[in-house]
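By this note's numbering, the letter at position 163 of the sequence shown is numbered 217, and the numbering carries on one by one without gaps. Some notes on the structure that comes next.
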Amino acid sequence: MAHSSSVLSPQGSHVLAAAACGVAEFIRACGADPDRVLGEAGFDARDLENPHAAVSLARYVAMMENAARRSGNAQFGLWFGQQFQADHLGLIGELALAAPDIGTGLAAFAKHFIHHQQNTEARLVRDGGLMRLEYRIVDPEIWARRQDADLTMGMFANLLRRVFGPRVEFEEVWFEHPAPEQAHAYRTAFGAPPYFSAPTNAISFRADGLNRPMPARDPARFAALAEDLRRIGGRADGADILPRVLSEIRRILPEGAPGIDPVADRIGIPRWTLQRRLGEHGITFSDCVDRVRARLSLIYLAEPYPSIAAIAELLGYSEVSAFSRACRRLHGASPDAVRRRIATSKPNNQTGTQTPAHTARSVIMGA
């Protein structure tokens with residue numbers, strides 16, 4: 055069983071403003087100025103008042119990253135997501151809760167999530183006796199997105215708590231980003247072991263009870279809400295191959311140096327077709343790998359952690375020396391020098407707080 059919604063819209067992707075419900079109040083509670091945080095991301099508070107309004111996804115993600123920096127709370131997204139109730143999700147939350155049963159509601163949630171938030175992949179996947187609700191942004195221009203991943207997994211967790219009951223137990227929670235400092239907080243938040251440097255963000259739970267009626271089931275409203283989401287969310291075409299290639303490279307980098315064949319298989323086209331279509335952009339597959347590694351390396355090096363060795367692994371290099379050579383080629387300096395250069399250019403209140411990611415998808419079992 056796999057229900058999925060995966061559409062790529064390379065230009066102007068949006069998210070419905072319901073995803074920011076209560077963010078100004080939460081920013082203020084964390085000790086930052088919401089007007090400043092929103093303004094630096096290009097928002098006015100009034101932009102977020104209508105939950106059905108479409109706002110820039112890139113600005114939304116940047117706002118969450120900025121909120122973490124300005125508040126000095128590196129776990130901003132984690133705790134904002136934990137308090138974000140399913141009833142605040144707007145049309146996508148209403149759709150899930152109006153379904154006739156839990157399984158149908160969660161499948162519809164994943165299928166229609168693309169209308170709530172474009173340039174995003176959401177999937178509901180059965181894995182033996184478990185279900186896994188997956189999520190990742192596939193916009194290749196949205197690179198720094200740890201806070202978004204943390205808050206979205208919290209939103210998903212609260213949706214599951216709403217439909218299964220507050221005592222539902224999660225099996226695992228996955229995150230694309232490296233393991234941060236105080237990673238034990240994730241175990242506290244979700245009551246399940248978190249895995250980092252994963253190929254996607256996901257939360258897994260037992261597949262029992264999917265036939266149970268939804269607490270707020272309303273079949274007529276369920277059908278109408280699906281149409282409302284399609285109308286408001288609009289279309290998101292996936293005609294441009296480049297965003298898909300960059301997204302897939304990012305997904306598989308922690309597993310090792312990416313090859314063109316698995317990327318072509320994942321996208322569903324022959325290798326020669328992929329090479330030809332990249333050639334229409336004037337680039338090669340190797341150029342795409344360099345582009346992803348260059349951008350991610352700067353994001354990782356902007357934090358005092360993870361270690362250089364861990365970053366090399368996260369970027370798919372077999373040895374630190376290979377990463378060092380590539381860093382000099384891509385950025386004109388060694389990884390340590392780039393890290394120092396970034397650190398000296400940061401305002402004092404914008405330093406990072408991540409700690410080493412010891413291995414790809416490393417599990418943190420702290421209390």
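From the three backbone atoms N, C-alpha and C, an ideal C-beta is built for every residue, glycine too.
Original post:
Where does the unbroken alpha helix (DSSP H) through Arg271 begin, and where does it stop?
Top reply: Looking at the DSSP string, Arg271 is not in any alpha helix (DSSP H), and its letter there is neither H nor E.
**OP:** Measure from the alpha carbon of Ala363 to the alpha carbon of each residue in Ala356, Ala376, Ile353, then state which is nearest.
**Re:** Ala376
Original post:
Taking the continuous alpha helix (DSSP H) assigned at His170, which residues delimit it?
Top reply: 156 to 170
Original post:
What is the DSSP secondary structure of Leu307, counted as helix, strand or coil?
Top reply: helix
Subject >> Inter-residue spacing [alpha-carbon to alpha-carbon] between Ser110 and Ala280 >> reply: 22 Å
Subject >> Coarse secondary structure for Arg190, derived from DSSP in three states >> reply: strand
Original post:
Taking just the CA atoms, how far does Ile168 sit from Asp87?
Top reply: 31 Å
Subject >> Sequence-distant residues of its chain with Cβ nearer than 6 Å to Pro105 (five each side left out) >> reply: Ala71, Ala72, Gly144
**OP:** Leaving aside the five residues before and after Val299 along the sequence, list all residues of the same chain whose C-beta is less than 8 Å from its C-beta, in chain order.
**Re:** Val317, Ile321, Leu328, Leu332, Phe339, Cys342
Original post:
Straight-line CA distance for Arg82 to Gly310?
Top reply: 41 Å
**OP:** To the nearest angstrom, report how far apart Arg393 and Arg215 are at their CA atoms.
**Re:** 41 Å
Original post:
To the nearest whole angstrom, what separates the beta carbons of Ile133 and Ile353, a pair I think is in contact under 8 Å?
Top reply: The identity of residue 133 in the sequence shown is Trp, whereas the question assumes Ile. Actually they do not touch by this definition, with Cβ atoms about 22 Å apart.
Original post:
Helix, strand or coil: how does DSSP classify Asp181 here?
Top reply: strand
Subject >> Thr242 (DSSP reduced to helix, strand or coil) >> reply: helix
Original post:
Three-state secondary structure (DSSP) at Tyr371?
Top reply: coil
**OP:** Go through its chain and collect everything with a Cβ distance to Ala152's Cβ below 8 Å, but skip five positions before and after it.
**Re:** Gly159, Met268, Ala270, Arg271, Asp272, Pro273, Arg275, Phe276, Leu279
**OP:** Give me the Cα-Cα distance between Phe218 and Ser258, rounded to the nearest whole angstrom.
**Re:** 13 Å
Original post:
Buried or exposed: where does Arg242 fall if 16 or more other Cβ atoms within 10 Å of its Cβ makes it buried?
Top reply: Looking at the sequence shown, residue 242 is not Arg but Thr. With fewer than 16 other Cβ atoms within 10 Å, it is exposed.
**OP:** Report yes if the CB atom of Pro248 is closer than 8 Å to the CB atom of Val227, and no otherwise.
**Re:** yes
Original post:
Exposed or buried, which one is Gly157 when buried takes at least 16 other CB atoms within 10 Å?
Top reply: buried
Original post:
Looking at the unbroken alpha helix (DSSP H) that takes in Ala78, where does it start and where does it end?
Top reply: 77 to 83
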